[in-house]
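Peer 1: Input: one structure, supplied below.
In my numbering, the protein residues as written are 89 to 289.
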């Protein structure tokens, strides 16, 4: 049951009252969307103020630079909530944002209006949102720190800090996340594999 799974995930972050749990489990609260790989959840001029619970699969949020290259804000996998914090939207004003399924994905969406109503009725909801946003920014800060490194060093840190993404993403998405070319990524993969094999001897 996706609504129960969502409640369990939130409870791992902060205590969820029975009333809020029941509200989230109401079928009218969450809107189910089934996305095929590469299908867009939102694109430029779409709604970016909704929250999306990734029931299964994975999505990425990104914008494109002047060279039409993907600039990745983050990846959101199974049992995570994807949203764009207001602080980030203000930071990159006038950028066109996209949210795309990295693989076949099932998403449950809650609107901004619904969230505002929940905040008024259930005080712990705002605390939960703050925790989720802080976790999103924590991952974002790690990515930005990696981007400050020499290109040849980035993949090893990526594997250390984002091991789940290493297993799930294709090279194109990893390269975009790290801001490197595919050829640099392949060299980095070979170097790390050699280092890992050498360490096992």
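Backbone N, C-alpha and C fix where the C-beta goes; we use that ideal spot for every residue, glycine too. Every value quoted in this text rests on a predicted model; they were computed, and no experiment measured them.
First and last residue of the beta strand (DSSP E) that includes residue 193?
Peer 2: Residue 193: member of the beta strand (DSSP E) spanning 193-198, first to last residue.
Peer 1: Could you spell out where the beta strand (DSSP E) holding residue 158 opens and where it closes?
Peer 2: 158-165
Peer 1: Touch check for the region 145-165 and the region 103-119: three-plus C-beta pairs under 8 Å?
Peer 2: No, the region 145-165 does not touch the region 103-119.
Peer 1: From which residue to which residue does the beta strand (DSSP E) around residue 125 run?
Peer 2: Per DSSP, residue 125 belongs to no beta strand (DSSP E) and is neither H nor E.
Peer 1: What's the C-alpha gap between residue 102 and residue 277?
Peer 2: 38 Å
Peer 1: Residue 227 lies in the alpha helix (DSSP H); which residues open and close that run?
Peer 2: Unbroken alpha helix (DSSP H) run through residue 227: 212-235.
Peer 1: Enumerate in chain order the residues of its own chain whose CB-to-CB distance from residue 234 is below 8 Å, with the five nearest sequence positions on each side excluded.
Peer 2: 242, 245, 246, 249, 266
Peer 1: Which residue from 123, 150, 155 puts its Cα closest to that of residue 141?
Peer 2: Nearest C-alpha to residue 141 among 123, 150, 155: 123.
Peer 1: Between the beta-carbon of residue 151 and the beta-carbon of residue 128, is there less than 7 Å?
Peer 2: no
Peer 1: Which residue wins for smallest C-alpha separation from residue 217, given the options 114, 148, 170, 121?
Peer 2: The alpha carbon of residue 217 has as its nearest neighbour, out of 114, 148, 170, 121, the alpha carbon of 170.
Peer 1: My output table needs one value for residue 260: the three-state DSSP class, helix, strand or coil.
Peer 2: For residue 260, the secondary structure class from DSSP, reduced to helix, strand or coil, is helix.
Peer 1: Grouping DSSP H, G and I as helix and E and B as strand, with all else coil, what is residue 102?
Peer 2: Of the three classes helix, strand and coil, the one that applies to residue 102 here is coil, per DSSP.
Peer 1: Taking 7 Å as the cut-off, decide whether the C-beta atoms of residue 215 and residue 173 are in contact.
Peer 2: no
Peer 1: Let me check understanding here. Comparing Cα to Cα, which of 147, 224, 154, 225 lies closest to residue 256?
Peer 2: Checked all of 147, 224, 154, 225; the closest Cα to residue 256 is 147.
Peer 1: Give every residue of the same chain whose Cβ lies closer than 6 Å to the Cβ of residue 144, excluding the five residues on either side of it in the sequence, and list them in chain order.
Peer 2: Within the same chain, residue 144 has close Cβ partners 166, 194.
Peer 1: Helix, strand or coil: how does DSSP classify residue 272 here?
Peer 2: helix
Peer 1: So the alpha helix (DSSP H) residue 244 belongs to, where does it begin and stop?
Peer 2: Residue 244 -> alpha helix (DSSP H) spans 239-249.
Peer 1: Beta-carbon within less than 7 Å of residue 198's beta-carbon, same chain only, minus the 5 sequence neighbours each way: which residues are those?
Peer 2: 117, 118, 138, 139
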